[in-house]
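Everything below concerns the one structure shown next.
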Amino acid sequence: MAESYSEGRSTDDEFQEQFLNDKTLKFVGAAVASVFTLVVGLFIGAIIFTQVDSELFVEIIYPQFVDAFLRVLGIVLVGSLLSVTAGVIVGLGRVSKTKITNTVATGYVGFFRGTPLLFQLLVIFYGIPAFWPPGQFPLRNWAIPAAIIGLTLNHAAYVGEAVRGGISAVPEGQMEAARSLGMSYVQAMREVVLPQAWRNALAAIGNDQVILVKDTSLLTVIAVPELISAFRNVNSATFDPWTPIILVAIAYLMITIPLGKIVSHLENRADWGGDRR
Amino acid sequence: MSLLEFDKVDKYFGETHVLKDVDLEVEEGEVCVIIGPSGSGKSTLLRCANRLEEIQDGEIRLDGTSISDPDADINHLRQRIGMVFQSFNLFPHKTALENVTLAPKKVKDLDEEVAVRRAEELLDRVGLADQDNSYPNQLSGGQQQRVAIARALAMDPRVMLFDEVTSALDPELVGEVLDVMHGLADEGMTMLVVTHEMGFAREVGDRIVLMADGRVVEDSPPEQFFENPKTDRGKQFLSKLF
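As given, the protein sequences belong to chains A and B, one line each in that order.
By the count of my numbering, the first sequence reaches residue 542 at its end, each step adding exactly one.
By the count of my numbering, the second sequence reaches residue 380 at its end, each step adding exactly one.
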């Protein structure tokens with residue numbers, strides 16, 4: 266295709282040269298960002314001034330929204346801890362060279378990543394108590410344990426894939442070097458491979474945990490009084506959509522933004538002499 | 139009985155026969171240098187010596203104990219076989235000092251204090267006394283490779299395996315690593331060295347083992363090998379070098 270270089274350039278190229286050089290692109294980017302901020306800011310401002318009922322806002326914060334927020338926060342803390350722990354185990358299973366371990370871990374990920382969380386929550390919440398005669402199920406408040414089990418099982422599959430990717434990205438030589446010093450497979454994994462895999466996987470795990478926070482909104486269908494239920498209660502009593510929905514947004518952001526900060530703190534901590542810039 | 143013995147070793151990668159009936163004995167205190175064209179099986183032979191690769195036939199023994207036996211306590215045996223790799227393989231999340239103390243602490247259950255004192259000695263010996271707290275990515279290739287040597291020595295091995303340890307280094311950094319190896323040899327360490335550094339092979343080696351196509355084709359003292367090789371393969375190899 267040598268001749269195409271010498272041929273006259275298309276108007277497309279000329280357009281690019283004129284309008285998409287580094288300088289104009291920078292300007293266009295800044296302009297788009299400013300307009301975006303202005304539009305969103307005006308929209309939110311307009312809603313707060315015209316739609317939000319400040320008296321109702323203050324009135325529903327406590328106990329309705331505080332209760333729901335604390336309940337969600339508790340579920341997120343336990344669910345995060347369990348799903349990350351279980352996810353590391355799933356990830357180790359996925360990289361195992363033992364056939365049965367590997368197959369089970371792969372099947373686990375296939376199922377829990379392959380079916381909706383909503384389906385899994387319904388199966389656990391309605392399905393498990395059905396093994397007992399009607400009314401005989403021993404747990405009176407089954408919704409919250411069922412929620413934690415569902416979120417853990419589901420997100421362990423995603424965390425497991427992140428951990429598998431993190432382990433695969435650690436060079437083979439790391440395991441060999443550790444083994445050549447006489448360390449067992451378990452010692453080499455724990456001391457050498459996993460700390461590096463953890464750093465590789467951190468961004469993906471953090472991403473998944475943010476999704477876990479938002480997935481708590483599905484718990485409304487298994488009767489956990491969470492933030493969406495709080496919205497519904499207020500909305501059906503007052504017919505005011507904006508006042509409670511703004512509180513829902515604030516409540517979720519109060520969890521997801523600090524969570525993001527924790528993840529970047531953990532990433533910075535795994536700096537090891539500054540190769541991560 | 140020799141310290142390290144390869145006894146009729148056969149190794150396959152799938153269908154490829156990479157080590158063919160290899161016999162080799164390394165005596166205590168000896169520096170045995172393995173040379174040969176790439177693909178001749180020299181690195182594989184070295185990796186079999188601490189069972190990073192499994193062999194399909196024959197036996198490898200350290201001090202009379204089989205390494206290749208499937209029931210061998212390989213984690214225990216590997217403590218007595220130090221290995222240094224072409225690509226250093228330092229642990230990037232640990233400082234130079236921690237790289238050296240990790241295995242003594244975890245495998246030999248040494249106290250922190252004892253392990254650190256010993257590691258400081260070893261880092262001093264490889265000329266890196268002032269780099270204790272540096273992470274691998276803050277060190278040059280030559281420095282990293284010297285930490286890797288200190289890390290292997292920390293387990294007090296009976297024999298050290300060097301797998302093309304200068305091949306990944308900038309030319310001006312090769313010397314500092316070879317100097318450390320030279321010093322080790324002078325102190326009587328048993329060494330099995332795969333290298334392309336002919337000057338080092340000639341000066342430090344007690345024996346030159348030439349491999350080609352998965353076989354040991356010549357095994358001579360360095361003076362003889364470099365002046366007047368016994369075999370045609372030896373002559374052929376040398377003629378391509380100079």
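Positions of the beta carbon are idealized from the N, C-alpha and C atoms, including for glycine.
Remember, predicted model here, so these are calculated numbers, not experimental data.
A distance below 6 Å between beta-carbons, with the five flanking residues on each side excluded, links valine 312 of chain B to the following residues of its chain, in chain order: Thr304. Cβ neighbours of asparagine 275 of chain B within its own chain (closer than 7 Å, five residues either side excluded): Pro230. Boundaries of the beta strand (DSSP E) harbouring alanine 350 of chain B: 345-350, taken from the DSSP string. Within chain A, the residues whose beta carbon sits less than 8 Å from that of arginine 216 of chain B are Arg444, Ser445, Leu446, Gly447, listed in sequence order.
The beta carbons of phenylalanine 300 of chain B and threonine 333 of chain B sit closer together than 8 Å.
Per DSSP, the unbroken beta strand (DSSP E) holding threonine 328 of chain B starts and ends at 328-332.
In summary, alanine 502 of chain A is exposed, with fewer than 16 beta-carbon neighbours lying within 10 Å of its beta-carbon over all protein chains present. With contacts defined by Cβ atoms closer than 8 Å, tyrosine 273 of chain B and threonine 233 of chain B form a contacting pair. Between the stretch 183-198 of chain B and the stretch 142-152 of chain B there are three or more C-beta pairs closer than 8 Å, enough to call the two in contact. Only those residues of the stretch 221-234 of chain B whose C-beta falls short of 7 Å from the nearest C-beta of chain A are listed: Met221, Phe223, Ser225, Asn227, Phe229, Pro230, His231. The three-state secondary structure of glycine 415 of chain A, taken from DSSP, is helix.
For glutamine 385 of chain A, none of the residues of chain B pass the 9 Å Cβ criterion, the least Cβ distance being about 36 Å.
No Cβ of chain B is located within less than 8 Å of the beta carbon of glycine 431 of chain A. Residues of chain A whose Cβ lies closer than 8 Å to the Cβ of valine 245 of chain B are, in chain order, Leu446, Gly447, Met448, Gln452. Short of 7 Å from the beta carbon of serine 348 of chain A, and not among the five residues preceding or following it, lie these beta carbons of its own chain, in chain order: Leu416, Thr417, His420, Ala421, Val424, Leu477. Taken through DSSP and simplified to helix, strand or coil, serine 358 of chain B comes out as strand. Glutamate 456 of chain A has a beta carbon lying within less than 8 Å of a beta carbon in chain B. DSSP places isoleucine 476 of chain A in no beta strand (DSSP E) but in the uninterrupted alpha helix (DSSP H) bounded by 459-480.
If you look at glutamate 197 of chain B, you'll find it in the beta strand (DSSP E) that goes 195-200.
Taking a Cβ-Cβ threshold of 9 Å, the residues of chain A close to asparagine 188 of chain B are Arg444, Ser445, in chain order. Closest option to valine 528 of chain A, judged by alpha-carbon separation, among A/Leu483, A/Asn465, A/Ala488, A/Ala453: A/Asn465. Taking 8 Å as the upper bound for CB-CB distance, valine 297 of chain B and isoleucine 219 of chain B are in contact here, some 6 Å apart. Neighbours of tyrosine 273 of chain B across chain A, judged by C-beta separation under 7 Å: Trp537, Gly538. Sixteen is the threshold: when 16 or more other Cβ atoms of the shown chains lie within 10 Å of the Cβ of isoleucine 173 of chain B, as they do, the residue is buried.
By the neighbour-count criterion, in which a residue is buried when 16 or more other Cβ atoms sit within 10 angstroms of its Cβ, asparagine 227 of chain B is buried.
CA-CA distance, leucine 157 of chain B to leucine 183 of chain B, rounds to 7 Å.
When Cβ pairs closer than 8 Å are counted between the two stretches, the stretch 400-412 of chain A is seen to touch the stretch 485-497 of chain A, the count reaching three or more.
Between leucine 260 of chain B and alanine 288 of chain B, the CB-CB gap stays under 8 Å. Contact annotation: in the stretch 513-536 of chain A, residues whose CB is within less than 8 Å of a CB in chain B are Ala535. In this structure the stretch 368-382 of chain A does not touch the stretch 298-313 of chain A; the number of beta carbon pairs closer than 8 Å is below three. With respect to the 8 Å criterion, glycine 179 of chain B and glycine 326 of chain B are not classified as neighbours on the basis of their beta carbons. Non-local beta-carbon contacts of threonine 366 of chain A in its own chain, meaning distances under 8 Å to residues more than five positions away in sequence, involve Gly358 in chain order.
Out of B/Leu376, B/Leu291, B/Glu258, B/Leu307, the CA that lies nearest to the CA of leucine 277 of chain B is found in B/Leu307. Residues of the same chain with a CB within less than 6 Å of the CB of valine 222 of chain B, apart from the 5 flanking positions on each side, are Ala286, Ile287, Ala290, Phe300, Val303 in chain order. Only residues of its own chain outside the window of five on either side were considered, and among them Glu143 have a CB closer than 6 Å to the CB of arginine 199 of chain B, listed in chain order. Proline 398 of chain A has its alpha-carbon roughly 24 Å from the corresponding atom of isoleucine 413 of chain A.
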